[in-house]
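In this note's numbering, the protein residues as written are 1309 to 1461.
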């Protein structure tokens, strides 16, 4: 690699990845902007979906932003071991324009793996689907669930 290429290729570490995702609750970068951090063949997985390729990944993030009002993502602690970066996050959103007081809360962990070029080639979000749905459920449903878990859990 020549020096010019080195300058153009960002050096991603835990801090940089943490900062990269911090603004996505307000605006998702374009595919061209994303190419400086993500491999074109990026794979993303979470409990609900899988995307392959940077364009599909961007579309998925754009849908999340458009479908949910008041999306707030807080990036928390992070750690790195070579090409492997992990961090925790929490999120809050209002999924319905008709019911703006309905809020969904969740927390989870993100794992990313860098390829040989220092770009993110794999991104996996791990979070509890049950916690997310219960956060939006009426109080009577949450209480019934807690009673069930206390008795049988």
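No residue lacks a Cβ here, since even glycine has one placed at the ideal position from N, Cα and C.
Sort the options by Cα distance to residue i and report the nearest one.
i            : options             : result
residue 1410 : 1371, 1350 and 1377 : 1377
residue 1417 : 1344, 1424 and 1399 : 1399
residue 1436 : 1396, 1421 and 1341 : 1396
residue 1337 : 1364, 1353 and 1355 : 1364
Enumerate in chain order the residues of its own chain whose CB-to-CB distance from residue i is below 7 Å, with the five nearest sequence positions on each side excluded.
i            : result
residue 1321 : 1388
residue 1257 : In the structure displayed, the chain extends from 1309 to 1461; residue 1257 sits before or after that span and is not available.
Going along the chain, which residues of its own chain have a beta-carbon closer than 6 Å to the beta-carbon of residue i, five neighbours each way excluded?
i            : result
residue 1404 : 1410
residue 1348 : 1362
residue 1386 : 1322, 1326 and 1395
residue 1330 : 1383
Three-state secondary structure (DSSP) at residue i?
i            : result
residue 1339 : helix
residue 1372 : helix
residue 1379 : strand
residue 1398 : strand
residue 1405 : coil
Beta-carbon within less than 8 Å of residue i's beta-carbon, same chain only, minus the 5 sequence neighbours each way: which residues are those?
i            : result
residue 1351 : 1358, 1359, 1360, 1429, 1430 and 1431
residue 1370 : 1336
residue 1391 : 1421, 1422 and 1423
Beta strand (DSSP E) containing residue i: first to last residue?
i            : result
residue 1432 : 1428–1435
residue 1451 : First-last for residue 1451: 1447–1460, but that is the alpha helix (DSSP H), not the beta strand (DSSP E).
residue 1390 : Unbroken run through residue 1390: none, as it is neither H nor E.
residue 1349 : 1346–1353
First and last residue of the alpha helix (DSSP H) that includes residue i?
i            : result
residue 1330 : 1322–1330
According to the neighbour-count rule (16 or more other Cβ atoms, all chains shown, within 10 Å of its Cβ), is residue i buried or exposed?
i            : result
residue 1366 : buried
residue 1333 : buried
residue 1452 : exposed
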